[in-house]
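Protein chains in written order, with the numbering used here: chain A, 2 to 301; chain B, 2 to 301.
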């Protein structure tokens, strides 16, 4: 089954202790769709400006990503400049220009309306809700969010949470949204706001999920080199949703495997800058690393 | 095979968001030996003052812990007052009185000298080295350490590292000792200082180990209630060493299972204050939780 994703497409300038890239292709929808397209067909909704070089759209077409929902409008593409230091667990935003993404109005082409798997990447909850009004009969809706919306659009976010099946967010956001320090408690509190399942990303420490009464906890895939964490969260979400759509299952066992796939997908992303590694990963490599990860976690 | 442990015995006064205990039995050797005695026979080396009520020694005798190496000397027992706030990942020391532990001279009774499994709980590296001079032919020596010794006794610590098989330390200490932010890299750097294996504890995020060329990474056992993290690290070490001594094995597969046992042992400790939960855990409960933990990590 295909996956619909709505989110940002951006040019990223990123500096880490391992180097720097300027104007690299990024954005939540970009990382998500590159990751999820390792599993299934992707329908992309996003916006870029006139400055976006047509040849850079190849990254989507080469991966069979449907760009019927990609708007090209007057103005410049969203761009972000960030820096990571020390253990690289936090991005420091140096500069951000929303440009055309600031007035983004997500319109779904008719061909997208029957989408069964929907991922609402980080964005204003009002826009995320607007997307939901345009899909007919989704089987699984998952959203991301961020501290900004918890701070400035909490009512919209709560309305959104009542309409999604799942949410993927990071540990700091989960604590902020609930006021709970213990992540199991925080995850359960978010479930009570509406979603059936809650996936809490912990960066280098892996992920924790509350799926109904089940608790799932997996570490990250251990890596000696993390060059650039940008896009890790969206790659995780892409691997997670991609696997669920491919499997056509949403039970707790499938969720656990989906989290494992999300984890290994993200592990490739952070091995190099921007999309440099993720774009070249094969499904065979992904499955190989999943098998290694599974073995790593097997206690005999 | 029995395990020799050298470390502190203390009275702890601890306040967390879940309550407070005053003068509870604590100390690294106490938590370690209570945990490890779930697996095998323990030989304890430590010091207490004349203020130590004889009836409180029952906690050791009830568990079959050999206290031939326990010194009772003039003065008061070591005591520590600490506080945990927020996510409770860091203890704040409010007051510390080393008392008799400040002049502790670890002397092994003759009956301990043939110990094959040796755990040197956190203490001055010079004292830890002194213990090693008194054991005849140990099969496995593992030490703990802390930021204080990295700061003030680095040469002794380095001399110690050349003589141990393994070290268990936390993520902050591993980064401090090596100057490396990536924990896989930090663990490998510590291995180059001498130990065959390095176990890095990450509190609520579980543990990472470098065992020869293998990397082991396991999450914590997810708990909705953590009342008091005091003793978690020493309980982890106790479960870890206890299992290895019981199994009589030190290969990578045994190490992984030992880390899993350490993880679930510590998970009981933090469910209540001081030794309140750990002291009542049965081996059946421990094995039950290990089976749950193993199932939690199985990806199908």
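Note that the Cβ used here is the ideal one computed from N, Cα and C, for glycine as well.
Query	Result
Using a threshold of 8 Å, is the CB atom of residue 205 of chain B nearer than that to any non-hydrogen atom of the ligand GDP?	For the ligand GDP, the structure offers nothing, since it holds no ligand at all.
Starting from the beta carbon of residue 207 of chain B, find every residue of chain E whose beta carbon is closer than 7 Å, and list them in chain order.	Checking the listed chains, one finds no chain E in this structure; the protein chains it contains are A and B.
Starting from residue 268 of chain B, find everything on chain A with Cβ-Cβ shorter than 7 Å and list it in chain order.	None at all; the shortest Cβ gap to chain A is about 11 Å.
List the residues of chain A that residue 216 of chain B touches, going by C-beta distances under 7 Å, in chain order.	223
Would you say residue 304 of chain B reaches chain A, if we count a Cβ-Cβ gap shorter than 9 Å as a contact?	Here chain B covers residues 2 to 301 and nothing more, so residue 304 of chain B does not appear.
In or out: residue 69 of chain B buried (at least 16 other Cβ within 10 Å) or exposed?	exposed
So which residues of chain B does residue 258 of chain A contact, with C-beta pairs closer than 9 Å?	300, 301
Does the beta carbon of residue 42 of chain B sit closer than 9 Å to a beta carbon anywhere in chain A?	no
With a threshold of 7 Å on Cβ separation, who are the neighbours of residue 284 of chain B within its own chain once the five nearest residues in sequence on each side are excluded?	39
Quick one: Cα of residue 137 of chain A to Cα of residue 119 of chain A, how far?	11 Å
Residue 270 of chain A by DSSP, collapsed to three states: which one?	helix
Just to confirm my understanding: we take residue 259 of chain A, look at its own chain, exclude 5 residues before and 5 after, and list those with CB closer than 6 Å. What are they?	241, 244, 245
Using a Cβ cut-off of 9 Å, which residues of the stretch 279-297 of chain A contact any Cβ in chain B, in chain order?	291, 294, 295, 297
Determine the contact status of residue 30 of chain A and residue 46 of chain A, defining contact as a CB-CB distance below 9 Å.	yes
By the criterion of Cβ-Cβ separation under 8 Å, what are the contact partners of residue 304 of chain A in chain B?	Nothing about residue 304 of chain A can be reported from this structure: the residues present for chain A run from 2 to 301 only.
Please look up how many angstroms separate the CB atoms of residue 199 of chain A and residue 239 of chain A, rounded, as I've assumed it's under 8 Å.	Actually they do not touch by this definition, with Cβ atoms about 18 Å apart.
Do you know how far the Cα of residue 17 of chain A is from the Cα of residue 282 of chain B?	46 Å
Excluding the 5 residues preceding and the 5 following residue 117 of chain B in the sequence, name in chain order all residues of the same chain whose CB lies nearer than 8 Å to its CB.	2, 3, 138, 139, 140, 141, 246
Determine the contact status of residue 275 of chain A and residue 27 of chain A, defining contact as a CB-CB distance below 9 Å.	yes
Please confirm if residue 57 of chain B has its CB atom under 9 Å from at least one CB of chain A.	no
Scan the stretch 231-250 of chain A for residues whose Cβ lies nearer than 8 Å to a Cβ of chain B and list them as they occur along the chain.	none
Which residue comes first and which comes last in the beta strand (DSSP E) that contains residue 14 of chain B?	11-17
Could you pull out every unbroken alpha helix (DSSP H) segment of at least 4 residues lying fully inside the stretch 46-87 of chain A, listed in chain order?	59-62
Does any C-beta atom of chain A lie closer than 9 Å to the C-beta of residue 189 of chain B?	yes
Alpha carbon to alpha carbon, how far is residue 207 of chain A from residue 225 of chain A?	15 Å
Do you know how far the Cα of residue 85 of chain B is from the Cα of residue 156 of chain B?	32 Å
Considering just the uninterrupted stretch of the beta strand (DSSP E) at residue 145 of chain B, what are its terminal residues?	141-145
For residue 65 of chain B, which residues of its own chain have a beta-carbon under 8 Å away from its beta-carbon, when the five flanking residues on both sides are left out?	38, 42, 43
Starting from residue 186 of chain A, find everything on chain B with Cβ-Cβ shorter than 7 Å and list it in chain order.	225
In terms of alpha-carbon separation, which member of B:267, B:113, B:183 lies closest to residue 19 of chain A?	B:183
Between residue 84 of chain B and chain A, is the shortest Cβ-Cβ distance under 9 Å, so that the two count as touching?	no
Less than 9 Å between the C-beta atoms of residue 230 of chain B and residue 204 of chain B, yes or no?	yes
Counting only C-beta atoms, is residue 203 of chain B closer than 9 Å to chain A at any point?	yes
Using the Cα positions of residue 188 of chain B and residue 210 of chain B, report the straight-line distance between them to the nearest angstrom.	7 Å
Kindly indicate the opening and closing residues of the beta strand (DSSP E) around residue 202 of chain A.	198-202
Out of A:160, A:9, A:111, A:214, which has the shortest C-alpha to C-alpha gap to residue 130 of chain A?	A:160
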